[in-house]
Amino acid sequence: DTGVSQDPRHKITKRGQNVTFRCDPISEHNRLYWYRQTLGQGPEFLTYFQNEAQLEKSRLLSDRFSAERPKGSFSTLEIQRTEQGDSAMYLCASSLGVRGELEPQHFGDGTRLSIL
Amino acid sequence: LAKTTQPISMDSYEGQEVNITCSHNNIATNDYITWYQQFPSQGPRFIIQGYKTKVTNEVASLFIPADRKSSTLSLPRVSLSDTAVYYCLVATLSSNTGKLIFGQGTTLQVKP
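Residue numbers (this note's numbering), protein chains in the order written: chain E, 55 to 170; chain S, 11 to 122.
Right under this line is the structure:
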């Protein structure tokens, strides 16, 4: 399977715990995105990487959230001191960053986070 | 980014052609119209993208009038497996990030 892979698919944790999600993009894609989706809503942009550089962060990404993409390959999204409102599906997407082209984003199937 | 408006839900029957129209009145010169499909518990999947006139691929057609203030996604002869949420997005070619701004989408229910 050469698509975007996310791990774990489901995470259940108690309020106040830290959680970390992993995303493995399509290997030749230099752009990587994180989105968050709650029930009945479309995905909301969280953050964007061009290779290893984090170039944009949404205001939705509070200081409890941190994302990394070491060496421009896989990415991790960590949430510290989780709150009930963090319960959502966290989606990762990747795309080619070709100048002058609008490349489609390829999404993984997400990590569903449930906060007890 | 230009805001889009599309119906919240639509019903259809197997074998029918389905047309989902999206309004984007303040679309800019550098904006493209992009459609994604999403099944429950899966990430969105790219369907089709266009700038003007008509674009067709193996799964859908996209019709864009000359003023580009709206677009119509056409799904020929839908089946039960086309039941999904369909998102119309306007994406800017000149954007430094290429991030996507999703609305609520149109939930298409295909009935037997």
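In this text, a Cβ means the ideal position worked out from N, Cα and C, and glycines have one as well. These numbers come from a predicted model, not from an experiment.
Taking 8 Å as the CB threshold, Glu122 (chain E) stays off the interface with chain S.
For the C-beta of Ile111 (chain S), the chain E residues within less than 9 Å are, from N- to C-terminus, Gly96, Glu98 and Phe99. Looking at the backbone, the Cα of Gly113 (chain S) and that of Tyr97 (chain S) are separated by about 7 Å. By the CB criterion at 8 Å, Thr101 (chain E) and Ser112 (chain E) fall inside the cutoff.
Under the DSSP assignment, Ala94 (chain S) falls in the beta strand (DSSP E) whose first and last residues are Ala94 to Thr102.
Note: Tyr42 (chain S) is bridge-paired with S:Ala101 in the DSSP secondary-structure output.
Contacts with chain E at 8 Å (Cβ-Cβ) include Ser51 (chain S). Contact between the segment 61-69 of chain E and the segment 148-167 of chain E is present, with at least three C-beta pairs closer than 8 Å. Within chain E, the C-beta atoms nearer than 7 Å to that of Ala101 (chain S) come from Leu156, in chain order.
Look at Gly25 (chain S) here: in three-state DSSP terms it is coil, with no helix or strand label. Residue pairing from DSSP places Ala147 (chain E) in a beta bridge opposite E:Tyr87 and E:Phe161.
Annotation for Gln104 (chain E): Asn84, Arg85 and Gly151 place their beta carbon closer than 7 Å to its own, counting only its chain and skipping 5 residues before and after. By the 16-neighbour rule on beta-carbons within 10 angstroms, Tyr87 (chain E) is buried. With 16 or more other Cβ atoms from the protein chains shown falling within 10 Å of its own Cβ, Asp41 (chain S) counts as buried.
For His34 (chain S), no beta strand (DSSP E) encloses it, and the DSSP letter there is neither H nor E. In the three-state DSSP reduction, Ser84 (chain S) falls in the strand class (E or B). As for any beta strand (DSSP E) of minimum length 3 sitting wholly inside the segment 73-139 of chain E, the runs are 73-78, 85-91, 98-104, 107-111, 119-122 and 129-133, ordered along the chain.
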